[in-house]
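Participant:
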Amino acid sequence: MDASQASETPDMTMFLASAIHDMKNSLSVLTGFMEDSLGDAALREQPIYKKMAPMFYEVKRLNDNLLELLTIYKVDRKFYPFDLAEHAVDDLMAEIEQQSGTLLNTQNVNLELDVQEGLYWYFDRDLVLGVISHALNNASRYTRGSLRLAAAEVGGFLELRVEDNGGGYPKAMIEEGVAVNRGVSFNTGSTGLGLYFSAMVAKMHKNQGRAGEILLENGGKLGGGCFVLRLP
Amino acid sequence: MMFTNDSHNAFAERRFLIVDDFQGMRSMLREMLKSCGAKDIDAASNGNEAINMLEKGKYDVVLCDYTLGAGKNGQQVLEEAKFRNLIGLATGWVVISAEKTQDMVLGAAEYTPDDYIVKPVNEATVRTRLLKVMARKAALHDIEKALKSNDYKRAIALCDEQLVARSPYTSDLLRMKTSLLMKSGQTDKAKAVFEQILAQRDIPWAKSGLAKIHLLNKDFDVARRLLSEVVEANRTYLEGYDLLAKTLEEVGELDEAQHVLARSAELSPNSMTRQRSLGEIAQKRGDLEVAEKSFRKTISLSEYSVFKTPAAHIGLAKVCAEKNNTAEAIRVLGEVHKQFDDPEAALHAKVIEGAVHSKSGNLVEARKLAGEVAAMVKESAARLPAHITLEAADLIMGTGNKEAASELLKIVVQNNHENQQLIEDVKKVFVKGNMEQAGNDLVESSLQEVVQTNNRGVALAKEGKLDEAVALMRNAKAMMPNNKRILLNLAYAMILAMKKNGRDNSMEREARECLDRVQKLDPGEKLYGEYRAMLETLAT
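One line per chain: the protein sequences are D and U, in this order.
For the first sequence, the positions run 1 to 232 when my numbering is used.
For the second sequence, the positions run 1 to 540 when my numbering is used.
(1) Entirely within the region 247–271 of chain U and at least 4 residues each: give me those alpha helix (DSSP H) ranges in chain order.
(2) Please list, in chain order, all residues of the same chain as A392(U) whose beta carbon is under 7 Å from its beta carbon, the five residues on each side excluded.
(3) Considering only their Cβ atoms, is the gap separating L288(U) from E322(U) smaller than 7 Å?
(4) Are there any heavy atoms of the ligand MG lying less than 6 Å away from the beta-carbon of E335(U), as far as the coordinates show?
(5) List the residues of chain D that D160(U) touches, going by C-beta distances under 7 Å, in chain order.
(6) What would DSSP say about E525(U), mapped onto helix, strand or coil?
(7) By Cβ distance below 8 Å, which residues in the same chain neighbour F220(U) in space, the five residues on each side in sequence not counted?
(8) Can you give me the start and stop residues for the alpha helix (DSSP H) that R136(U) sits inside?
(9) Mapping DSSP to helix, strand and coil, what is E536(U)?
(10) Give the C-beta separation of S171(U) and A88(D) to the nearest angstrom, bearing in mind that I take them to be a contact with Cβ-Cβ under 8 Å.
(11) Considering only the beta carbon of each residue, do E144(U) and L89(U) sit closer than 7 Å?
(12) Per the DSSP calculation, F227(D) is bridged to which residue(s)?
(13) Can you name the residues of chain D whose CB is closer than 8 Å to the CB of T453(U)?
(14) Using beta-carbon positions only, say whether L521(U) and R532(U) come within less than 7 Å of one another.
(15) Okay, do the region 491–509 of chain U and the region 151–166 of chain U touch, 3+ Cβ pairs below 8 Å being the bar?
(16) Which term fits T188(D), buried or exposed, when burial requires 16 or more other beta carbons within 10 angstroms of its beta carbon?
(17) S358(U) and G315(U) look like a contact to me (Cβ under 8 Å); what is the Cβ gap, rounded to whole Å?
(18) Cα separation between E536(U) and K484(U)?
(19) I'd like to know if the region 159–173 of chain D and the region 216–228 of chain D are in contact, where contact means that at least 3 CB-CB pairs between them fall below 8 Å.
(20) Between N48(U) and K72(U), which are expected to be in contact by the criterion C-beta below 8 Å, what is the C-beta distance as a whole number of angstroms?
(21) Could you tell me the distance, in whole angstroms, from the CA atom of T178(U) to the CA atom of S208(U)?
(22) Measure from the C-beta of E86(D) to each C-beta in chain U and report whether the shortest distance is under 7 Å.
(23) May I ask you to report which of helix, strand or coil DSSP gives V518(U)?
(24) Could you pull the DSSP bridge partners for L63(U) from this structure?
(25) Please specify which runs of the alpha helix (DSSP H), each continuous and at least 4 residues long, are wholly inside the region 168–227 of chain U, giving them in chain order.
(26) Is the separation between the beta-carbon of L68(U) and that of D42(U) shorter than 7 Å?
(27) In the DSSP output, what is K206(D) paired with across the bridge?
(28) Kindly give me the distance between the Cβ atoms of L78(U) and E55(U), rounded to whole angstroms, as I take these residues to be in contact under 8 Å.
(29) What residue ranges within the region 103–173 of chain D form continuous beta strand (DSSP E) runs of no fewer than 3 residues, ordered along the chain?
(30) Just how far apart, CA to CA, sit A38(U) and E95(D)?
(31) My understanding is that L149(D) touches L111(D), with C-beta atoms under 8 Å, so please give their C-beta distance in whole angstroms.
(32) State the start and end residues of the unbroken alpha helix (DSSP H) segment that holds E403(U).
(33) Which residues bound the alpha helix (DSSP H) around D40(U)?
(34) Going along the region 109–134 of chain D in order, which residues come within less than 9 Å of chain U, judged by CB to CB distance?
(35) Under the three-state reduction of DSSP, which class applies to I117(U): helix, strand or coil?
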């Protein structure tokens, strides 16, 4: 393509990607500030605290969505530095617990961790962290106060579960959860970004002919919605 | 809950250095470290300041932003700190960056950071990651120490010890162990480990490692198949692309090799070595546009790097001369004199300058430079890389000093008597000087001289006269310090002598130096590994 032509029709995806990158920087300052303020004991007594909690949820959601968009863009352009390495699963779970601490505290949600001991698995830490944080963030919205994060080896797969005690997923949503693994497009009113991202991450994890997958279920130990990520 | 007073102490007892060009970020990180319990925290606002501080003080943990404004970037600070031993083995290095890049994750193993944190940074992440890095550093400290003192045998034994105890660092340990096995020539053992890993799971580094062994065995088809699989399944795995390009170059598929290198350079746009390789292969193919662009990029990327070499300048000057841009070629070569305080670089630049003038028809200038080169090269010719000596001989021959040129060519032949390609190149220079017959005779007699010396050494060793064999080969090495076969035979004679008379520290060092030299001259030499393994397993 010659240069003059290129300047007339800018590559929109490039624009979007660098804009997202830029917005993410602003958001990270905002998240940092809010996290800092919400952790301040003195603020807990102020009326503004109650208003800030849902705001923090929204800011986290924005940040997650932008990160997901950027990652999807990079994977699509074959630029994402996929880093398959062995990690201690309990370390990952502890990191997720730490990272979501402020969010869950402000919403008075109790998180129960149930991790099989001595478990090591191969995965891209940042991607899996992104998927599970998103699922937790999502579940914190629909739960009635309790969340369970579980990790265990099940039939040669690492199974990570985010369970809540809310009303569970509607039937259409559960079907989307099945369809998205097969790459079928879906339309349930939400943007579907989170599901698409999670399924993409699952599928990027392959081992000896088997690929990862996500599942949406109702039930689990807490009787509400369950988000399941299975990695080979 | 999991962070008790212990973790607080882990921070309290250590020295931290923050490197970031933004004041806001520096104070934010400082506050975070403080709340983790850190007391001793310094900060630098750019690469040079960081290097100054690392020169003066010892730090346990460095938190370094990747982008540092003008000057060195975070990766270059890390490389310089490691290369110049400004940080010890125990120092943890964590890169902070706006996005995760391939360079950070999978760069050259000895220069990758211990961990990276993608922004936004929060206290929980800093605490968890730093604790993890500190624990990992502590667990692997003994191995790295053995590695630093070149004690591969001990390092491997330590890896095995930890592997048996199902360490949380199994991946690291396996990677370290296989790299040690490869370095010490125990490729069969390394192969077994790679295959064992691959039977469980497709791990790109293990598959690349296996391919490396096939490459070493000149089993190019298998290496190519494995590496194609690696990059097909891992579209951003840089080492896979690098090795694949090398394999393709070996089998003469230069077009495909350039294509693969272009992809790897695109994936790691800040890697000067990849840009340089791309430039070199494009130059070889006559793709002058890509070659020029890549060499220019290499030069700008290496401006602040501790690994800066004049190779890209030399390559660029040649490309400019090819394009008949004599003035630019001469300017670029002038930069070599300005930027590199190194006699070999200065000599090489002068040789190419002469060649450029010669090509553009300025014979007066070419002859003047040839005279200077001939005077400079007299003492050092045997120790110079063969291609520089050959280029010098070509210039000197072309400008009429046949005697001086023949002297240099003889040295090239003697140091590389088994390198057919190079000997063909030598003969071409003789043809250029209208001395084909004399050249052939000289090549013949030099070859015989070397072969006879080698045979005498081998015969002495067979008769058990090991001291005499060592003395003879040492002499030969003094004459031909770059002759691979002589270096190998000297090392072998010394190994046999030590097997008979027991280990000897200074002889062991000498043998190791010979082998390292061989490795540098020809990274694909198989005997290197074999002898290296013998040396490592000598009984004490």
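Glycine residues also receive a C-beta, built at the ideal position from the N, C-alpha and C atoms.
Facilitator: On the basis of the supplied data:
(1) Correct list: 254–267.
(2) As a first step, residue 392(U) is located in the second sequence; it is residue number 392 there, counting from the start. Exclusion of the five residues before and after A392(U) leaves V351, V373, V377 and L408 as the residues of its chain whose Cβ lies within less than 7 Å of its Cβ.
(3) Taking the second sequence and counting its residues from 1, the one referred to as residue 322(U) is at position 322. Taking the second sequence and counting its residues from 1, the one referred to as residue 288(U) is at position 288. Yes, they are a contact pair.
(4) Judged by which ligands are present, the structure shown has none, so any question about the ligand MG falls away.
(5) The residue you call residue 160(U) lines up with position 160 of the second sequence. In chain order: nothing, as chain D lies at least about 18 Å away.
(6) Locating residue 525(U) in the second sequence gives position 525, where the first residue counts as 1. For E525(U), the secondary structure class from DSSP, reduced to helix, strand or coil, is coil.
(7) As a first step, residue 220(U) must be located in the second sequence, where it is residue number 220. Around F220(U): H214, T247, E250 and V251.
(8) Residue numbering aside, residue 136(U) sits at position 136 when the second sequence is read from its first letter. It spans E123 to K148 - the alpha helix (DSSP H) in which R136(U) sits, taken as one unbroken run.
(9) Taking the first residue of the second sequence as position 1, residue 536(U) is located at position 536. E536(U) falls in the helix class under three-state DSSP.
(10) Here the question's residue 171(U) lines up with position 171 in the second sequence. Here the question's residue 88(D) lines up with position 88 in the first sequence. A88(D) and S171(U) do not touch by the CB rule: their CB atoms are close to 10 Å apart, not below 8 Å.
(11) Counting from one through the second sequence, the residue named residue 144(U) turns up at place 144. Counting from one through the second sequence, the residue named residue 89(U) turns up at place 89. Cβ atoms of E144(U) and L89(U): closer than 7 Å.
(12) Taking the first sequence and counting its residues from 1, the one referred to as residue 227(D) is at position 227. Paired residues: V162(D) and L216(D).
(13) As a first step, residue 453(U) is located in the second sequence; it is residue number 453 there, counting from the start. Chain-order list of chain D residues neighbouring T453(U): empty, with the shortest C-beta distance near 51 Å, by a criterion of under 8 Å.
(14) Position 521 of the second sequence, counted from the start, is the residue given in the question as residue 521(U). Position 532 of the second sequence, counted from the start, is the residue given in the question as residue 532(U). Using a Cβ distance threshold of 7 Å, L521(U) and R532(U) do not count as a contacting pair.
(15) Contact fails: fewer than three Cβ-Cβ distances are below 8 Å.
(16) If you number the first sequence from 1, residue 188(D) lands on position 188. Caution applies to T188(D), whose pLDDT of 48 falls short of 50 and renders its modelled position unreliable; the value that the coordinates give is listed next. That one is exposed.
(17) Taking the first residue of the second sequence as position 1, residue 358(U) is located at position 358. Taking the first residue of the second sequence as position 1, residue 315(U) is located at position 315. Between G315(U) and S358(U) the Cβ distance is about 18 Å, and since that is not below 8 Å, they are no contact.
(18) Mapped onto the second sequence, residue 536(U) falls at position 536. Mapped onto the second sequence, residue 484(U) falls at position 484. Rounded to whole angstroms, E536(U) to K484(U) spans 20 Å at the Cα level.
(19) Segment contact: the region 159–173 of chain D against the region 216–228 of chain D, three or more CB-CB distances shorter than 8 Å; contact assigned.
(20) Counting from 1 along the second sequence, the entry for residue 48(U) is found at position 48. Counting from 1 along the second sequence, the entry for residue 72(U) is found at position 72. Confirmed, Cβ separation roughly 7 Å.
(21) Residue 178(U) sits at position 178 when you count from the first residue of the second sequence. Residue 208(U) sits at position 208 when you count from the first residue of the second sequence. Computed Cα separation, rounded: 12 Å.
(22) One-based indexing of the first sequence puts residue 86(D) at position 86. Closer than 7 Å to some Cβ of chain U, the Cβ of E86(D) qualifies, so yes.
(23) For this step, residue 518(U) is matched to residue 518 along the second sequence. Residue state, collapsed to three classes: helix.
(24) What you label residue 63(U) is simply residue 63 of the second sequence in a count that begins at 1. Answer is I18(U) and V94(U).
(25) Secondary structure in the region 168–227 of chain U: the alpha helix (DSSP H) runs of 4 residues or longer, each lying completely within the stretch, are 170–183, 187–200 and 204–216 in chain order.
(26) Residue numbering aside, residue 68(U) sits at position 68 when the second sequence is read from its first letter. Residue numbering aside, residue 42(U) sits at position 42 when the second sequence is read from its first letter. L68(U) places its beta carbon 7 Å or farther from that of D42(U).
(27) Translated into positions along the first sequence, residue 206(D) becomes position 206. The partner list for K206(D) (beta bridge, DSSP) reads A211(D).
(28) Position 78 of the second sequence, counting from 1, holds the residue named residue 78(U). Position 55 of the second sequence, counting from 1, holds the residue named residue 55(U). Incorrect: roughly 15 Å between the Cβ atoms, too far for contact.
(29) Those beta strand (DSSP E) runs which fall completely within the region 103–173 of chain D and span 3+ residues are 110–115, 120–123, 146–154 and 157–164.
(30) Translated into positions along the second sequence, residue 38(U) becomes position 38. Translated into positions along the first sequence, residue 95(D) becomes position 95. Straight-line Cα distance between these residues: approximately 20 Å.
(31) In the first sequence, the residue the question calls residue 149(D) occupies position 149. In the first sequence, the residue the question calls residue 111(D) occupies position 111. About 6 Å; that satisfies the 8 Å criterion.
(32) Working through the second sequence from its first residue, we reach residue 403(U) at position 403. Unbroken alpha helix (DSSP H) run through E403(U): K402 to N415.
(33) One-based indexing of the second sequence puts residue 40(U) at position 40. Premise fails: D40(U) lies in the beta strand (DSSP E), D40 to A44, not in any alpha helix (DSSP H).
(34) The region 109–134 of chain D vs chain U, Cβ under 9 Å: G118, Y120, Y122 and D126.
(35) Within the second sequence, numbered from 1, the residue matching residue 117(U) stands at position 117. In this structure, I117(U) counts as strand in the three-state DSSP scheme.
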